[in-house]
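The next block holds one structure in the form of structure tokens; read it before the comments.
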Amino acid sequence: MLSILKIKEKKISQTYYDSLFLNIENDLRELGFGDVSVNKKMKDLNQIFYDILIKFKKNNLKENFEINQKLIFKYFDSLKQNNCQNYTKFEEYLLKFYKFCFELSPDNMIKDLKKFKYLHGSS
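Counting from 170, one number per residue, gives the positions in the sequence shown under the numbering used here.
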């Protein structure tokens, strides 16, 4: 979503970032993690988040969106197994999600995301 908003030259408020990470932090606390664990996990998640944003291919437009396979394998080790069958499904999901998001209006993108339906193997 963030890359699509950037491509569409829509300014993203710092409030969105803050809200995203605050919700993740609250969810970790609800799962029973303590202060030290939450702080460590949030540091790790921030690093992953910015790593993905930085390494995301700059030429990703609607027509030639590409998944950075090395980056995916770096953070999702389990996708390397099962003869890449899991990776293929994951990649298909991300491509469909990206295409769906690209069609949404930047002003209503977050609200309209709940309309996304993923059916494996369908166009």
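Just so you know, even glycine gets a beta-carbon here, dropped at the ideal spot from N, CA and C.
Sequence-distant Cβ neighbours of residue 221 in its own chain, meaning closer than 7 angstroms and more than five residues away, are 240. Residue 257 and residue 284 have their C-alpha atoms spaced approximately 23 angstroms apart. The beta carbon of residue 179 lies closer than 6 angstroms to those of 275 in the same chain, with the five residues before and after it left out.
Annotated three-state conformation of residue 174 is helix, per DSSP. Judged by DSSP in its simplified three-state form, residue 287 adopts coil rather than helix or strand. Per DSSP, residue 187 is one residue of the alpha helix (DSSP H) stretching across 183-199. The DSSP-derived three-state label of residue 206 is helix. When 277, 236, 242 and 249 are compared, the shortest CA-CA separation from residue 265 is found for 236.
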